[in-house]
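K.L.:
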Amino acid sequence: MRCPWLALKPDLRSCKFTGSVAIDLDVVADTRFIVLNAAKLSVNTSSISFTTGKFSKRLQRRGNIMWSILLAGNIIWSITTAISNFFRWFLRDRREEIRSSGVFKPSKVEIFEEDEILVLEFSKTLPIGEGVLAIAFEGVLNDEMKGFYRSTYEHNGEKKNMAVSQFEPADARQCFPCWDEPACKATFKITLDVPSDLVALSNMPVIDEKVNGKIKTVSYQETPIMSTYLVAFVVGLLDYVEDHTSDGVKVRVYCQVGKTDQGKFALHVAVKTLELYKEYFDVPYSLPKLDMVAIPDFAFGAMENYGLVTYRETALLYDDQHSAAANKQRVATVIAHELAHQWFGNLVTMEWWTHLWLNEGFATWVSYLATDSLFPEWKVWTQFLDESIEGLRLDSLEGSHPIEVEVKHASEIDEIFDAISYKKGASVIRMLQSYIGAECFQWSLALYIERHASSNAKTEDLWAALEEGSGEPVNRLMNSWTKQKGYPVVSVKVKDQKLEFEQSQFLLSGSHGDGRWIVPITLCRGSYDNRKSFLLETESGTLDMNEFSLAEAATGAKGDGNSPSHSWIKVNVDQTGFYRVKYDEDLAARLRYAVENKYLSATDRNGILDDSFALCMARQQSFISLLTLMSSYGEELDYTVLSNLITVSYRLERIVADAVPELLDSIKQFFITLFKNSAEKLGWQPRAGESHLDAMLRGEVLNALAVYGHDQTLNEASRRFNVFLHDRNTPLLPPDLRKATYVAVMQRTSAVNRSGYESLLRIYRESDLSQEKTRILSSLASCPDPSIVLEVLNYLLSAEVRSQDVVLGLAVSKEGRETAWTWLKDNWEYISKTWGSGFLITRFINAIVSPFASIEKAEEIEEFFASRTKPSMVRTLKQSIERVHINASWVQSVQSEEHLDETLDQLTYYY
């Protein structure tokens with residue numbers, strides 16, 4: 001199949017569009033039916049025809065003229081009359097051609113909305129061979145941020161619309177009739193009729209532009225063969241900055257007029273990343289240009305459309321004065337992710353959505369490779385563990401799914417754009433790369449891309465290339481990680497001078513799964529120079545301790561290498577394996593010593609913390625032992641480790657609030673004491689020449705101290721905020737400190753004292769920087785006053801908040817949980833109607849449901865959603881309710897622990 005011609009005319013005033021397609025088809029068997037995808041389109045039934053033979057080629061040429069007439073402004077004739085005249089004009093004097101060719105009109109046309117298909121039934125059997133299917137249609141530029149939709153922006157104080165496409169995963173069918181599946185690749189010749197004062201972009205460069213008064217017709221080069229979900233258009237009032245790669249690819253960053261300076265960092269990253277990927281994949285970028293566009297209303301973070309990558313403004317634009325260091329890193333990693341897709345996803349495309357992880361997991365992994373190459377001082381491979389942690393947390397639920405998940409219907413696709421496809425996918429790729437070696441892995445990837453370029457592939461095709469390149473049993477090894485859900489916890493203990501290993505499926509519920517994996521075990525003893533590795537292919541295995549040299553074991557530790565405190569053993573070196581490790585008491589004690597004395601890498605210090613936290617949640621480790629381990633991080637200054645330590649502390653505080661509320665003040669004081677050291681060393685004021693990571697860490701540590709009610713932090717935040725209200729450029733409140741300051745302001749906001757809340761709303765309304773708006777939205781609901789939380793939640797549904805940003809404000813304080821749940825129920829009909837057709841609806845459920853911690857609440861949630869569930873939210877709802885049950889069991893476990901109050905007092909006093 002090839003689609004040589006697609007014409008669209010969006011009307012940005014009425015928010016409607018008209019269009020037509022002429023699709024080359026090859027009929028290979030007798031049939032009277034043509035079935036293709038279409039959704040939310042009004043198809044002009046009298047326009048539909050299937051033309052065969054020479055006649056079909058002439059139809060393509062003459063059809064271009066006719067469809068232009070149909071798409072032109074005020075149509076004088078009705079569609080029916082126009083089509084009739086066209087065929088009368090075209091058919092005259094061609095009776096001999098028609099004897100060997102034919103025009104077939106369908107006898108019945110029916111759209112099945114639920115299945116999103118268009119069925120054309122013909123009275124006669126269609127002839128075998130090539131033909132052209134022509135269809136004219138109309139549609140609406142919707143407000144759902146999917147299909148062909150409208151985004152809004154302001155220019156010179158006037159609200160304007162732009163037309164934007166977002167077709168992944170299966171919404172090209174909302175713009176034009178097509179075969180909307182990744183394996184149905186085609187080439188596309190695209191023509192847009194748009195207002196002459198606007199910029200019109202598509203996948204390929206412009207080859208012709210004709211202006212006719214207020215309308216211009218823009219035609220583009222034919223695309224390479226590609227899937228429908230990668231077709232793209234953007235029409236709006238835009239400006240750009242431009243550069244070129246060393247081999248002449250034109251790269252542009254488009255944005256709203258007046259914001260081009262904010263596109264310069266992205267432009268630099270894109271040019272360098274294209275050049276890096278050309279070398280890494282040993283294949284040049286396959287198009288003559290790359291456009292990247294900042295879209296004001298955008299559901300995803302970004303979308304990898306071939307040659308026309310679209311982004312949320314927060315993921316593409318960077319303001320030197322008002323963007324934080326975290327914003328800069330996000331821009332770089334998102335661009336690296338999307339440009340990786342130009343090879344891994346666009347050039348080589350998954351065969352079906354079951355293999356989504358091939359696109360997303362790989363792009364996530366390689367984005368770190370590119371970012372590390374461009375910005376080695378950011379230490380992003382240490383930060384990669386954040387990706388693994390999110391994957392591990394979701395995959396420890398019984399309601400998880402395999403990486404290769406069966407997808408039966410388009411309505412199921414949105415839910416698998418999750419931490420399994422992206423983060424677990426990236427993590428198992430990193431695990432495999434570590435196992436077979438970086439050089440071999442890179443060479444094998446190049447082989448895979450060369451074999452499947454301009455085609456489709458499935459997971460087994462990637463394994464075949466890697467197996468051929470490495471000589472390792474990659475397919476057998478990796479099937480255990482992609483075809484079953486979950487992952488193992490590897491238990492380690494010392495017995496008779498042997499290390500004994502045992503694997504079992506790890507589940508946060510505390511139950512035992514029956515999964516088994518081929519686990520690449522790596523470990524070191526006392527030194528990273530003294531390491532071993534092997535495959536744990538069965539339920540258990542052993543390793544003789546004598547295989548480690550005691551002389552080497554002393555390296556990296558001060559003192560006697562044979563001392564129990566010094567001869568530590570770390571399994572899963574640098575956390576390259578996607579599994580958790582549970583140590584016996586003796587090994588755990590040695591690791592606490594190694595953590596406290598910084599003998600371990602930051603990645604391993606972080607991994608030990610997260611494994612311990614997960615084991616505690618699953619009630620395989622006591623709450624007190626976790627707190628004792630956390631006390632070993634009192635001198636920690638690494639960004640990634642401290643960031644996760646803070647995240648864990650938030651979870652623990654909430655569990656204590658539910659389990660033993662009388663100890664809430666004690667747990668807060670413990671965490672204040674734990675984080676004060678790093679806060680004092682970092683200070684409030686950025687230092688000249690400080691690292692990117694220190695800038696990010698300062699904000700996170702101060703945010704934690706604000707949440708825990710640290711008076712000095714709250715007072716200083718209030719002082720700086722008051723200065724900022726009168727001078728938005730004050731050096732007292734740089735971008736990296738603003739989120740923490742806004743959270744601190746909300747901690748002292750109440751129904752009686754509303755000034756902080758109202759001031760933040762004023763800043764929100766006055767700012768035109770998307771990153772500043774998201775900082776404010778994500779801070780407002782942290783207020784401990786439920787009445788303010790309710791105001792914030794209602795404000796999220798107002799016209800002042802962009803639809804994609806609403807979910808940013810759903811992270812409510814623990815005091816506001818019940819308020820948020822009542823609000824969700826009261827507004828469910830509106831929320832379901834507004835966000836229910838996309839993946840954003842799942843964010844509402846997860847954010848508001850998951851924090852609860854009682855069986856009674858789980859039952860209440862199940863009862864409410866029993867009659868309100870949609871296919872696109874079934875998996876998320878099940879996972880969220882499972883989290884409530886897990887939290888409830890954890891609360892009961894913590895309640896049963898003795899001497900928790902004494903332990904908190906001792907640990908706090910120790911510091």
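The sequence shown begins at 1 in UniProt numbering and counts up by one. Ideal placement from N, C-alpha and C gives every residue a C-beta, glycine not left out. Computed from a predicted structure; not experimentally measured.
(1) In its own chain, which residues sit with a C-beta less than 6 Å from the C-beta of Val723, not counting the 5 before and 5 after it?
(2) Taking DSSP as the reference, what is the three-state secondary structure of Val801?
(3) Can you tell me which of Lys272, Phe50, Ile831 puts its alpha carbon nearest to the alpha carbon of Val103?
(4) In whole angstroms, what separates the C-alpha of Ala457 from that of Gly345?
(5) In chain order, what residues of the same chain lie with their CB nearer than 7 Å to the CB of Cys524, ignoring the 5 residues before and after it?
(6) Would Leu714 pass as a contact of Ser678 if the rule is Cβ separation under 8 Å?
(7) Between the beta-carbon of Tyr153 and the beta-carbon of Gln262, is there less than 8 Å?
(8) Mapping DSSP to helix, strand and coil, what is Phe623?
(9) Straight-line CA distance for Phe441 to Gly526?
(10) For Gln575, does the three-state DSSP call read helix, strand or coil?
(11) For Ile881, which of Tyr306, Leu201, Ile848 has the nearest alpha-carbon?
(12) Give me the DSSP bridge partner(s) of Leu290.
(13) Classify Asn546: buried if its beta carbon has 16 or more other beta carbons within 10 angstroms, exposed otherwise.
(14) Out of Asp30, Thr260, Ala325, Asp26, which has the shortest C-alpha to C-alpha gap to Lys739?
(15) Find out if the Cβ-Cβ distance for the pair Ser889, Arg619 is shorter than 8 Å.
(16) Hey, His322 and Glu772 are a contact pair by Cβ (cut 8 Å); roughly how many whole angstroms apart?
(17) What three-state label does DSSP hand Glu547 in the structure shown?
(18) If contact is defined by three or more beta carbon pairs under 8 Å, each pair taking one atom from either stretch, is the region 662 to 680 in contact with the region 702 to 722?
(19) Rounding to the nearest angstrom, what Cα-Cα distance links Thr576 and Pro473 in this structure?
(20) Kindly provide the ranges of any beta strand (DSSP E) runs that are 3 or more residues long and lie completely inside the region 261 to 305, ordered along the chain.
(21) Quick check: the Cα distance between Glu138 and Lys189, rounded to an integer number of angstroms?
(22) Cα-Cα, which of Leu432, Ala336, Leu238, Lys264 is closest to Leu276?
(23) Pick out the complete beta strand (DSSP E) segments inside the region 399 to 485, 3 residues or longer, and give them in chain order.
(24) Within 8 Å, do at least three Cβ pairs link the region 168 to 176 to the region 195 to 206?
(25) Pull up the distance between the alpha-carbon of Tyr830 and that of Phe721, whole angstroms please.
(26) Could you tell me whether the Cβ atoms of Arg173 and Ala38 are closer together than 8 Å?
(27) For the alpha helix (DSSP H) containing Glu680, name the first residue and the last one.
(28) For Leu900, I'd like the list of residues in its chain whose CB is within less than 8 Å of its CB, leaving aside the five on either flank, ordered along the chain.
(29) Per DSSP, Cys178 is paired with what?
(30) For a test of the three-state rule: what should DSSP assign to Thr349, helix, strand or coil?
(31) Which of the three DSSP states is assigned to Arg525 in this structure?
(32) Using only CA atoms, which one of Gly816, Phe852, Asp768, Ser778 lies nearest to Glu313?
(33) Buried or exposed: which applies to Ile389, given that a residue is buried once 16 or more other Cβ atoms fall within 10 Å of its Cβ?
(34) Taking the alpha helix (DSSP H) that Ala370 falls in, what are its first and last residues?
(35) If I follow the unbroken alpha helix (DSSP H) through His341, where does it start and stop?
(36) Following the continuous alpha helix (DSSP H) through Asp395, name the residue where it begins and the one where it ends.
P.N.:
Reading it off the structure:
(1) Reading the sequence shown from its first residue, position 723 is the one you call residue 723. If the five residues before and after Val723 are omitted, its C-beta is found closer than 6 Å to the C-beta atoms of Thr730, Leu732, all from its own chain and listed in chain order.
(2) Numbered from 1 along the sequence shown, position 801 holds the residue referred to as residue 801. The answer is coil: DSSP assigns Val801 none of H, G, I, E or B.
(3) The sequence position of residue 103 within the sequence shown is 103, counting from 1. If we check each option's Cα against that of Val103, Phe50 comes out closest.
(4) Along the sequence shown, one-based indexing puts residue 457 at 457. Along the sequence shown, one-based indexing puts residue 345 at 345. Spanning the two alpha carbons is a distance of roughly 9 Å.
(5) The sequence position of residue 524 within the sequence shown is 524, counting from 1. Residues Asn530, Arg531, Lys570, Val573 of the same chain have their beta carbon placed closer than 7 Å to that of Cys524, with the five preceding and five following residues left out of the count.
(6) In the sequence shown, counting from the first residue as 1, residue 714 sits at position 714. In the sequence shown, counting from the first residue as 1, residue 678 sits at position 678. No.
(7) By 1-based counting over the sequence shown, the position of residue 153 is 153. By 1-based counting over the sequence shown, the position of residue 262 is 262. Judged by their CB atoms, Tyr153 and Gln262 are not nearer to each other than the 8 Å cut-off.
(8) Here the question's residue 623 lines up with position 623 in the sequence shown. Helix at Phe623.
(9) By 1-based counting over the sequence shown, the position of residue 441 is 441. By 1-based counting over the sequence shown, the position of residue 526 is 526. Straight-line Cα distance between these residues: approximately 29 Å.
(10) Residue numbering aside, residue 575 sits at position 575 when the sequence shown is read from its first letter. Helix.
(11) Within the sequence shown, numbered from 1, the residue matching residue 881 stands at position 881. Nearest of Tyr306, Leu201, Ile848 to Ile881, Cα basis: Ile848.
(12) Stepping through the sequence shown from its first residue, residue 290 is reached at position 290. Per DSSP, Val251.
(13) Position 546 of the sequence shown, counted from the start, is the residue given in the question as residue 546. By the Cβ neighbour-count rule, Asn546 is exposed, with fewer than 16 other Cβ atoms within 10 Å of its own.
(14) Position 739 of the sequence shown, counted from the start, is the residue given in the question as residue 739. Of Asp30, Thr260, Ala325, Asp26, the residue nearest in Cα terms is Ala325.
(15) The residue given as residue 889 occupies position 889 in the sequence shown. The residue given as residue 619 occupies position 619 in the sequence shown. For Ser889 and Arg619, yes; Cβs fall inside 8 Å.
(16) Counting from one through the sequence shown, the residue named residue 322 turns up at place 322. Counting from one through the sequence shown, the residue named residue 772 turns up at place 772. That belief holds up - the Cβ atoms of His322 and Glu772 are roughly 6 Å apart, short of 8 Å.
(17) Reading the sequence shown from its first residue, position 547 is the one you call residue 547. Annotated three-state conformation of Glu547 is helix, per DSSP.
(18) At 8 Å Cβ cutoff, the stretches touch.
(19) By 1-based counting over the sequence shown, the position of residue 576 is 576. By 1-based counting over the sequence shown, the position of residue 473 is 473. The alpha-carbon of Thr576 is positioned some 19 Å away from that of Pro473.
(20) The beta strand (DSSP E) runs of length 3 or more contained entirely in the region 261 to 305 are, from start to end of the chain, 289 to 295.
(21) Residue 138 sits at position 138 when you count from the first residue of the sequence shown. Residue 189 sits at position 189 when you count from the first residue of the sequence shown. Rounded to whole angstroms, Glu138 and Lys189 show a C-alpha spacing of 19 Å.
(22) The sequence position of residue 276 within the sequence shown is 276, counting from 1. In terms of CA proximity to Leu276, Ala336 leads the group Leu432, Ala336, Leu238, Lys264.
(23) Whole beta strand (DSSP E) segments, 3+ residues: 455 to 457.
(24) Below 8 Å, too few C-beta pairs join the region 195 to 206 and the region 168 to 176 to call them touching: fewer than three.
(25) Numbered from its first residue, the sequence shown carries residue 830 at position 830. Numbered from its first residue, the sequence shown carries residue 721 at position 721. Looking at the backbone, the Cα of Tyr830 and that of Phe721 are separated by about 36 Å.
(26) The sequence position of residue 173 within the sequence shown is 173, counting from 1. The sequence position of residue 38 within the sequence shown is 38, counting from 1. Against a cut-off of 8 Å, the Cβ pair of Ala38 and Arg173 comes out as a contact.
(27) Here the question's residue 680 lines up with position 680 in the sequence shown. Counting along the chain, the alpha helix (DSSP H) containing Glu680 begins and ends at 664 to 682.
(28) One-based indexing of the sequence shown puts residue 900 at position 900. Taken in chain order, the residues that qualify are Phe623, Ile624, Val660, Leu663, Val894.
(29) Against the sequence shown, residue 178 aligns to sequence position 178. Note: Cys178 sits in a beta bridge opposite Asn37.
(30) Residue mapping note: residue 349 aligns to position 349 of the sequence shown, counting from 1. Correct three-state label for Thr349: strand.
(31) Residue 525 sits at position 525 when you count from the first residue of the sequence shown. Correct three-state label for Arg525: strand.
(32) What you label residue 313 is simply residue 313 of the sequence shown in a count that begins at 1. The residue from Gly816, Phe852, Asp768, Ser778 with its alpha-carbon nearest to that of Glu313 is Asp768.
(33) As a first step, residue 389 must be located in the sequence shown, where it is residue number 389. The C-beta of Ile389 has 16 or more other C-beta atoms within 10 Å across all chains shown, which makes the residue buried.
(34) Here residue 370 corresponds to residue number 370 of the sequence shown, with the count starting at 1. 356 to 374 is the span of the alpha helix (DSSP H), which, as asked, contains Ala370.
(35) Taking the first residue of the sequence shown as position 1, residue 341 is located at position 341. Its alpha helix (DSSP H) spans residues 325 to 341.
(36) Looking up residue 395 in the sequence shown gives position 395. Per DSSP, Asp395 belongs to the alpha helix (DSSP H) from 385 to 395.
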